[in-house]
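Sequential numbering of the sequence shown, starting at 1, is according to full-length UniProt numbering. The C-beta atom is built at its ideal place from N, Cα and C for all residues, glycine as well.
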Amino acid sequence: MVVDRRPATGERRTTGTDFITLRVRCAMSDPNSEARADAYAIREAVPDPETFAALREAAGLPSRSREGIERGLPNSVFGVTVVHEPTGDPVGMGRIVGDGGTVFQITDIAVHPDHQGQGLGTRIMRRLDDYLEAQAPPRAYVNLVADVDGFYEAFGFEDTRPHSKAMYRRTE
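Okay, structure coming up:
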């Protein structure tokens, strides 16, 4: 996706790189989601390594090595941690990685299963999207691995197929 900082018009347009961009402000239809979410605070900070590993595990995301976590978290471009205010427990997270100018990747969005269904994933994405809208230079490339069907489209993301395909490689 190419970040376009102009107001959303609902129009589709082709950019010079043939990626299609549609900027849509997310307006979820559940009026109670914000009220339920009042027990939560979203803090602009990446979690500590222990919390990061625990949230990934609880949310069913693949594990990362301790070395990788400790090396990677300080290199985040931006991150948020969701805290359940009544208990003080961190229950969600999301972050942006990349070079801070031309390429950004939204990653590590996780919400503890005991707190899912409260609109926290949407609030995390809104905060990450707000950061990108304010900080990403024009024509920056923003990508993510869409692991929840239909969720990221509400934030203007589109499937890149057939123009490109995603690939990955893990180190052992």
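With burial defined as no fewer than 16 other Cβ atoms inside 10 Å of the residue's Cβ, what is the status of His163: buried or exposed? exposed
List the DSSP bridge partners of Phe104. Gly98, Val142
Counting beta carbon pairs with one atom in the region 41 to 59 and one in the region 92 to 111, are three or more of them shorter than 8 Å? yes
To the nearest angstrom, how far is it from the Cα of Gln135 to the Cα of Val82? 21 Å
Compare the beta carbon distance of His115 and Ala59 with 8 Å and say whether it is the shorter of the two. no
Along the chain, where does the beta strand (DSSP E) containing Phe155 start, and where does it finish? Element bounds for Phe155: n/a, residue is neither H nor E.
Taking Asp89 as the reference, give the member of Pro47, Gly156, Asp99, Val77 with the closest Cα. Pro47
By a C-beta neighbour count over all protein chains shown, 10 Å radius and 16 as the cutoff for buried, is Arg66 buried or exposed? exposed
Could you tell me whether the Cβ atoms of Ala140 and Phe104 are closer together than 8 Å? yes
May I ask you to list the residues that DSSP assigns as paired with Tyr40? His84
Can you give me the Cβ contacts of Leu73 inside the same chain, cut-off strictly under 7 Å, excluding the 5 residues immediately before and after it? Val46, Pro49, Phe52
When you compare only the Cα positions, how much space is there between Glu85 and Gln118? 14 Å
Using the C-alpha atoms, what's the distance from Glu133 back to Ser29? Note that Ser29 scores 38 on pLDDT, short of 50, meaning its location in the model is unreliable and no value can be drawn from it.
Could you tell me if Asp38 is buried or exposed, where buried requires 16 or more neighbouring beta carbons within 10 angstroms of its beta carbon? exposed
Go ahead and label Val3 buried or exposed: buried means 16 or more other beta carbons lie within 10 angstroms of its beta carbon, across all protein chains shown. Because the pLDDT at Val3 is just 41, under 50, the model does not fix this residue reliably, and the value given afterwards should be weighed accordingly. Under this definition Val3 is a buried residue.
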